[in-house]
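Worksheet: one structure, shown below.
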């Protein structure tokens with residue numbers, strides 16, 4: 002009886018370690034190692050991309066390609082914000098404290114001169130060498146221009162496949178999503194090729210360069226239907242496909258208000274996914290002294306391009322000015338009651354964040370609270386008379402003077 006009992010126990014133990022137990026073990030392994038789930042997502046993305054590449058683009062396949070793009074957007078959003086989709090920890094960028102009035106991220110392939118550029122325009126000393134992957138972490142630096150302090154992040158070089166986790170690409174791109182401006186740093190000999198590859202990697206991770214957010218508002222409802230309202234003609238917009246895209250994102254009932262002219266399905270997918278960042282970009286071409294005169298002139302005349310040579314220290318002032326202008330900054334001076342403003346120390350507001358509310362938040366987030374903010378007195382070109390009493394939505398202009406008034410009974 003003892004031998005029979007011992008045999009039965011062995012059978013029970015072995016059965017517990019297999020079958021459903023094996024499945025639970027795999028599930029717990031995925032929970033402990035979220036990258037296993039990410040790898041499965043990346044495999045699905047690759048399969049869809051291969052199917053799209055093998056499908057001809059014409060009217061007959063337009064609907065099918067739209068469905069594939071919608072599925073691709075869902076999977077990519079899981080890579081961008083995995084925690085929101087229950088597939089592990091969100092990808093974090095390199096730790097670098099925010100400093101100054103604006104943040105600029107340098108993105109480029111290895112050995113294009115990013116570290117030399119950082120050393121030339123800031124007082125930071127980033128390691129420079131004649132081999133690839135000299136920079137292995139984020140190195141911040143700051144330069145001052147026209148009373149603005151601009152932080153530059155020298156990020157490690159990325160390679161093709163960065164958005165899918167190759168090298169430290171996902172960390173680099175996650176850091177880029179926090180920037181006010183992205184500088185694509187390229188080698189003059191391969192500028193067009195590198196620009197295309199870098200834009201592709203950033204697009205895969207939900208970054209749209211030099212594009213505006215489409216004016217589309219989606220309000221969820223409970224009546225079980227999807228209704229479209231537009232201020233423009235929606236003749237070329239496939240509403241049936243749009244409804245399926247909403248359904249893929251678990252939106253079964255909604256009112257969709259479209260104010261965007263000539264809205265495309267790709268733009269609609271971006272709006273629905275909600276993880277897209279629209280960031281201004283500048284294209285800096287280094288080693289311009291190593292190419293022909295014809296290529297030099299072609300690159301110099303290209304839109305949003307700046308040509309430089311870090312080794313010979315050419316056009317460093319020009320690239321600083323281009324970065325400053327791309328941030329669209331305005332200088333705003335604050336004053337206290339019965340005192341003159343300090344014109345030597347302005348608040349610098351960038352990237353179209355030029356309202357009184359933006360100014361309040363740049364000083365302290367609590368100042369923009371309507372329960373605390375009373376009104377603002379504004380002197381300058383944005384004011385109709387001097388001073389003008391304004392609210393939080395008033396748009397300021399360069400060199401305005403602002404006095405913020407708070408409620409006496411504010412908590």
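Numbering (my numbering), first residue to last: 2 to 412. Don't be surprised by glycine CBs; every beta carbon is placed ideally from N, CA and C. Because the structure is a prediction, the values reported are computed rather than measured.
Residue i classed as buried or exposed, judged by whether at least 16 other C-beta atoms fall within 10 angstroms
i, result
"residue 243", "buried"
"residue 138", "exposed"
"residue 262", "exposed"
"residue 120", "buried"
"residue 110", "buried"
"residue 1", "Here the chain covers residues 2 to 412 and nothing more, so residue 1 does not appear."
"residue 27", "Note on residue 27: pLDDT 43, under 50, position unreliable in the model; no value is reported."
"residue 144", "buried"
"residue 410", "exposed"
"residue 158", "buried"
"residue 178", "buried"
"residue 339", "exposed"
"residue 360", "buried"
"residue 269", "buried"
"residue 99", "exposed"
"residue 195", "buried"
Enclosing beta strand (DSSP E) for residue i [first to last residue]
i, result
"residue 231", "227 to 231"
"residue 117", "Premise fails: residue 117 lies in the alpha helix (DSSP H), 115 to 122, not in any beta strand (DSSP E)."
"residue 150", "149 to 155"
"residue 60", "Note, residue 60: premise wrong, no beta strand (DSSP E); not H, not E."
"residue 182", "182 to 188"
"residue 374", "374 to 380"
"residue 282", "278 to 287"
"residue 408", "Segment: none, residue 408 is in no beta strand (DSSP E) and carries neither H nor E."
"residue 209", "208 to 210"
"residue 140", "140 to 146"
"residue 349", "348 to 350"
Cβ-based neighbour list, residue i, same chain, cut-off 8 Å, excluding 5 preceding and 5 following
i, result
"residue 481", "In this structure the chain extends from 2 to 412, so residue 481 is not present and cannot be described."
"residue 52", "69"
"residue 401", "331, 333, 334, 379, 380, 381, 382, 383 and 384"
"residue 307", "283, 284, 285, 286, 316, 319, 320 and 323"
"residue 274", "74, 75, 77, 78, 207 and 250"
"residue 408", "372, 373, 374 and 375"
DSSP bridge partner residues for residue i (one or two, in chain order)
i, result
"residue 310", "315"
"residue 104", "152"
Simplified DSSP assignment, three categories, for residue i
i, result
"residue 238", "coil"
"residue 341", "coil"
"residue 386", "coil"
"residue 256", "strand"
"residue 219", "strand"
"residue 333", "strand"
"residue 47", "helix"
"residue 398", "coil"
"residue 172", "helix"
"residue 67", "helix"
"residue 302", "helix"
"residue 403", "strand"
"residue 271", "helix"
"residue 261", "coil"
"residue 292", "coil"
"residue 249", "helix"
"residue 328", "coil"
"residue 369", "helix"
"residue 41", "helix"
"residue 74", "helix"
"residue 214", "coil"
"residue 99", "coil"
"residue 322", "helix"
The alpha helix (DSSP H) enclosing residue i, as first and last residue numbers
i, result
"residue 389", "Note, residue 389: premise wrong, no alpha helix (DSSP H); beta strand (DSSP E) at 389 to 391."
"residue 198", "192 to 205"
"residue 110", "Where residue 110 is concerned, there is no enclosing alpha helix (DSSP H), given that its DSSP letter is neither H nor E."
"residue 358", "357 to 364"
"residue 159", "Neither: residue 159 is in no alpha helix (DSSP H) and is coded neither H nor E."
Own chain, CB closer than 7 Å to residue i, minus 5 neighbours either side, in chain order
i, result
"residue 279", "209, 212, 213 and 214"
"residue 388", "378, 379 and 380"
Contacting residues, own chain, Cβ-Cβ under 6 Å from residue i (five flanking each side not counted)
i, result
"residue 103", "151, 181, 328 and 351"
"residue 390", "376"
"residue 225", "254"
"residue 142", "119, 123, 125 and 153"
"residue 404", "336 and 378"
"residue 219", "255 and 257"
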